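What follows is the structure, given as structure tokens:
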């Protein structure tokens with residue numbers, strides 16, 4: 001493989017596209033390399049270094065076989081205001097003209113080509129803008145030129161600003177007409193081109209104007225207005241682009257959590273450090289004191305406290321021993337651990353968190369849909385107002401009336417740019433999702449952020465949601481004709497095929513007792529009420545009372561003992577062998593330390609909390625009594641949880657469902673807001689709109705607080721944007737002129753427009769400092 005800056009004997013014609021970012025690059029670019037017989041050009045040293053470090057990432061697989069590589073023109077980009085817009089490489093949105101952003105930011109902040117381009121145009125032309133403004137505003141006192149000569153001098157100074165610095169604005173203005181999508185660039189393009197073209201004609205052909213257009217010895221021109229508007233717009237865009245880049249800081253910080261290497265233990269006992277991308281599921285890895293856990297997996301050997309605060313928000317390190325799960329990117333504090341990798345690459349919790357945050361940041365809040373409709377119609381209304389302003393001032397204004405009409409029309413077009421309106425909610429969403437991720441809360445989309453605050457009813461599962469979800473075996477009781485060891489062995493044999501935490505407790509206890517487990521011949525999950533299958537040629541049913549009733553098994557011989565255990569908050573499962581009651585197994589699942597506080601605080605906020613669990617009603621009531629939950633539904637099937645959710649919705653309630661298991665998925669999908677425990681199943685998380693990484697119900701309170709703060713921030717932004725335009729347009733049109741004798745200069749309008757957009761972005765960034773604990 002050829003390396004950067006090494007000559008190649010058979011170079012082909014250089015590609016004019018940077019393979020990393022997709023930008024068009026001139027042939028004389030100093031940043032070049034040859035690769036597999038092809039000369040590649042780069043826009044910057046940074047892109048060249050990226051390609052050199054990982055060329056396969058940017059080339060087609062055909063290169064591995066010695067073929068001429070096909071250049072991948074970079075990452076996928078999208079519009080923050082219109083997330084449905086996607087393209088490969090940077091560019092501008094066809095709907096709003098805004099600079100596109102990477103869908104997935106990289107660890108190191110990207111060199112934004114739009115920011116670089118606008119900065120160059122701004123700084124190179126700023127001296128021309130300053131000089132032409134001084135000449136125009138200074139009059140005879142500061143200008144050595146007089147009459148028509150001054151017009152020509154201003155033309156020479158303003159033309160580079162108008163035609164080069166402002167060229168992107170005109171391109172986007174034309175695109176807005178082609179795409180039939182009026183936006184801020186429509187107004188800016190029309191306003192600046194009107195001022196410049198009027199002044200150009202006044203300079204080249206002053207004779208076409210009536211005498212009352214004369215100002216002294218020349219026709220009055222407004223080159224300085226066009227130049228200043230363009231420079232101020234560029235400045236506003238630069239400030240906005242820099243501020244927008246900060247909204248991706250959360251994703252970059254998450255990406256930075258992952259270690260670069262892992263220490264693998266080979267089959268011969270030797271150890272070696274390998275790149276994280278070379279770790280495979282099943283590999284044994286050593287995590288030394290002070291190192292980060294490389295991927296998700298299980299502890300095989302050792303004992304240590306692991307700090308998971310970077311992902312879960314939990315500040316206290318958690319003791320990990322053999323059999324405990326580990327999350328990639330968390331920090332091992334003092335002991336040495338040997339782990340077995342289970343999830344690698346995009347399957348790790350960190351990768352899924354990054355994907356969910358990026359997805360949520362690019363989604364559109366329901367509130368934004370109204371703003372989009374208003375913004376599109378608003379632009380058309382502003383153009384109509386500008387035309388009306390021009391005509392009214394031209395016909396009835398003071399002399400030179402048409403000049404006043406033109407300048408006021410330009411001011412209307414410039415001050416009314418709807419950029420602030422378009423940015424009002426996307427910026428708030430991007431900041432909020434990043435802050436939530438840092439607190440262990442993942443929102444799937446913007447709608448979840450906006451709607452969570454409206455919830456008045458919360459349905460919670462018990463096992464794994466209110467309780468630890470890591471139950472411990474309690475006891476076993478045999479029915480007449482069976483022994484305890486036989487009941488335990490058969491139940492554990494069948495449960496080997498189950499992922500339920502209660503099943504794990506039974507299997508682990510049976511193995512610890514040295515019982516020889518059989519492999520199930522068949523296995524079937526019975527819709528959240530238990531499991532069925534065949535072991536050693538015998539038909540088994542293992543589950544709650546509802547399963548026994550479905551199977552026609554009489555559980556009454558052990559009913560009294562079961563009720564006694566349930567009253568202690570212990571979960572009961574009956575075992576039937578060939579449709580005959582064989583015994584019961586009891587498993588205790590301790591309540592999470594934070595569940596009671598979370599329930600109390602939710603109820604104090606006016607939220608009705610309901611428990612719905614597949615566990616027995618007596619057990620459920622015992623747990624509910626300890627937590628202060630009054631409404632309990634026990635032995636419910638997945639469809640029952642969904643029906644309960646639908647029933648509450650029909651009564652007019654806004655319902656959230658919190659759960660962690662496969663049996664919770666239908667209700668999670670049905671609820672207005674589904675809340676999944678990050679410690680639960682992938683099915684539950686895929687069905688929910690909110691995921692609590694730590695699986696702690698206090699996360700609901702954090703998520704709800706952030707929802708309230710974010711919507712308040714959105715309202716502030718939208719109110720400011722609407723108020724700004726409501727006051728700015730009449731002022732620019734000159735409605736106050738009869739009363740005050742004052743007119744709004746297009747230059748002041750441009751400054752106000754730029755500052756309005758920047759203020760919306762900076763107001764959104766304030767969310768990073770909001771307390772949600």
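In full-length UniProt numbering, the protein residues as written are 1 to 773. Backbone N, C-alpha and C fix where the C-beta goes; we use that ideal spot for every residue, glycine too. Computed from a predicted structure; not experimentally measured.
Where the beta strand (DSSP E) through residue i begins and ends
| i | result |
| --- | --- |
| residue 631 | 631–633 |
| residue 476 | 472–478 |
| residue 774 | An answer regarding residue 774 cannot be provided, because it is not within the stretch 1 to 773 covered by the chain. |
| residue 611 | 608–612 |
| residue 443 | 441–443 |
| residue 586 | 580–588 |
| residue 86 | 86–88 |
Start and end residues, alpha helix (DSSP H) containing residue i
| i | result |
| --- | --- |
| residue 596 | 595–604 |
| residue 650 | 638–650 |
| residue 559 | 559–566 |
| residue 740 | 737–740 |
| residue 704 | 698–733 |
| residue 623 | 617–627 |
| residue 204 | 184–204 |
| residue 484 | 484–495 |
Which listed residue (the options) has its alpha carbon closest to that of residue i
| i | options | result |
| --- | --- | --- |
| residue 237 | 88, 759, 770, 764 | 759 |
| residue 636 | 625, 666, 649, 181 | 666 |
| residue 693 | 53, 515, 327 | 327 |
| residue 554 | 534, 571, 576 | 576 |
| residue 731 | 219, 389, 305 | 389 |
| residue 411 | 229, 523, 47 | 229 |
| residue 660 | 500, 180, 701, 177 | 500 |
| residue 780 | 96, 97, 103 | It is not possible to answer for residue 780, since the shown part of the chain is limited to 1 through 773. |
| residue 714 | 674, 726, 766, 728 | 766 |
| residue 263 | 255, 289, 257, 256 | 289 |
| residue 414 | 651, 183, 548 | 183 |
Own chain partners of residue i with C-beta closer than 8 Å, once the 5 adjacent residues on each side are dropped
| i | result |
| --- | --- |
| residue 118 | 168, 234, 237, 238, 241 |
| residue 392 | 405 |
Residue i to residue j span [Cα, whole Å]
| i | j | result |
| --- | --- | --- |
| residue 438 | residue 559 | 48 Å |
| residue 269 | residue 325 | 23 Å |
| residue 721 | residue 100 | 22 Å |
| residue 307 | residue 579 | 49 Å |
| residue 62 | residue 427 | Bear in mind that a pLDDT of 32 at residue 62, under 50, signals an unreliable position, so the model cannot answer this. |
| residue 479 | residue 467 | 29 Å |
| residue 333 | residue 320 | 11 Å |
| residue 761 | residue 424 | 8 Å |
| residue 124 | residue 199 | 22 Å |
| residue 780 | residue 471 | Lying before the first or after the last residue shown, residue 780 is absent from the chain, which here runs from 1 to 773. |
| residue 741 | residue 672 | 55 Å |
| residue 114 | residue 462 | 51 Å |
| residue 724 | residue 186 | 19 Å |
| residue 79 | residue 175 | 16 Å |
| residue 442 | residue 293 | 21 Å |
| residue 625 | residue 82 | 49 Å |
| residue 336 | residue 286 | 7 Å |
| residue 465 | residue 232 | 54 Å |
| residue 676 | residue 304 | 28 Å |
| residue 73 | residue 460 | The predicted position of residue 73 is uncertain, since its pLDDT is 43 and thus under 50; a value taken from the coordinates is nonetheless stated next. Roughly 47 Å between the two C-alpha positions. |
| residue 492 | residue 536 | 13 Å |
| residue 502 | residue 773 | 32 Å |
| residue 224 | residue 275 | 58 Å |
| residue 614 | residue 634 | 6 Å |
| residue 188 | residue 764 | 25 Å |
Cβ neighbours of residue i in the same chain (closer than 7 Å, five flanking residues each side left out)
| i | result |
| --- | --- |
| residue 91 | 77, 100 |
| residue 300 | 284, 322, 338, 339, 340 |
| residue 733 | 385, 389, 408, 412 |
Same chain, Cβ closer than 6 Å to residue i, five either side skipped, listed in chain order
| i | result |
| --- | --- |
| residue 313 | Below a pLDDT of 50, predicted positions are generally treated as unreliable, and residue 313, at 47, falls in that range; the measurement from the model is reported next regardless. So the list reads 439, 440, once near-sequence residues are dropped. |
| residue 217 | 147 |
| residue 678 | 691, 692, 693, 695 |
8 Å Cβ cutoff, residue i in contact with chain D
| i | result |
| --- | --- |
| residue 307 | The structure shown contains no chain D; it holds only a single protein chain. |
Is the segment 643–660 touching the segment 398–417, taking contact as three or more C-beta pairs under 8 Å? With fewer than three CB-CB distances shorter than 8 Å, the segment 643–660 does not count as touching the segment 398–417.
Give a yes or no on contact between the segment 442–454 and the segment 698–711, applying the rule of three or more CB pairs nearer than 8 Å. With the cut-off at 8 Å, the segment 442–454 and the segment 698–711 touch.
Taking three-plus beta-carbon pairs below 8 Å as touching, is the segment 622–640 in contact with the segment 427–442? Contact between the segment 622–640 and the segment 427–442 is absent: fewer than 3 CB-CB pairs across the two stretches fall below 8 Å.
Could you tell me whether the segment 611–626 touches the segment 556–575, where touching means 3 or more Cβ pairs closer than 8 Å? Judged by pairs of C-beta atoms under 8 Å, the segment 611–626 touches the segment 556–575, as three or more such pairs exist.
Using a Cβ distance threshold of 8 Å, determine whether the segment 595–611 contacts the segment 569–585, with at least three qualifying pairs required. Fewer than three beta-carbon pairs drawn from the segment 595–611 and the segment 569–585 are found closer than 8 Å, and the two stretches are therefore not classed as touching.
Taking contact to mean 3 or more Cβ pairs, one atom from each stretch, closer than 8 Å, check whether the segment 538–551 and the segment 509–516 are in contact. Here the segment 538–551 does not lie against the segment 509–516, with fewer than 3 beta-carbon pairs under 8 Å apart.
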